[in-house]
Amino acid sequence: MPEDCYLSRMILFNITHIISDQKVLAYTEWLKTEYIPLVKAHSLFEEIRLLKILDSPNEGHSFSLQLLANNREDILKFKESLFTILQQKMQGDFYGHLFLFDTLMEYID
Numbered sequence: 668m669p670e671d672c673y674l675s676r677m678i679l680f681n682i683t684h685i686i687s688d689q690k691v692l693a694y695t696e697w698l699k700t701e702y703i704p705l706v707k708a709h710s711l712f713e714e715i716r717l718l719k720i721l722d723s724p725n726e727g728h729s730f731s732l733q734l735l736a737n738n739r740e741d742i743l744k745f746k747e748s749l750f751t752i753l754q755q756k757m758q759g760d761f762y763g764h765l766f767l768f769d770t771l772m773e774y775i776d
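Converting from the sequence shown to the numbering used here requires adding 667 to each position, the first position being numbered 1.
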């Protein structure tokens, strides 16, 4: 199957994280050492990337966690289980310091 056909069916789930200056080090350490390895262990995604957003208009630090899936079903499984862990962190350890929003995208080219 040509690579462009493969990509046209891939789904990208992007989670944007905006974290305060006071908590950025603790949060990124937690993401890299605990959360991302946990997500990888569930094998729902073909690729997982964490990027720092360089031109964010927001105060604090902005990051993008990009999860590349084969289908929407894998995204739904993630949202029903592992995404709730992020939401709990936002309401717990990082309350008032962390804001999340997500975007679902499909490769067309």
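Even for Gly, the Cβ is constructed at its ideal location relative to N, Cα and C.
Please read all numbers here as calculations on a predicted model, not as lab measurements.
- The C-alpha of L765 lies about 22 Å from the C-alpha of I742.
- Around the beta-carbon of F768, fewer than 16 other beta-carbon atoms lie within 10 Å, marking it exposed.
- If you ignore the 5 residues before and after R739, its C-beta comes within less than 7 Å of the C-beta of I678, all in its own chain and listed in chain order.
- DSSP places Q755 within a helical segment (H, G or I) once states are collapsed to three.
- Two segments are said to touch when three or more pairs of C-beta atoms, one from each, lie closer than 8 Å; by this definition the region 742-751 does not touch the region 716-727.
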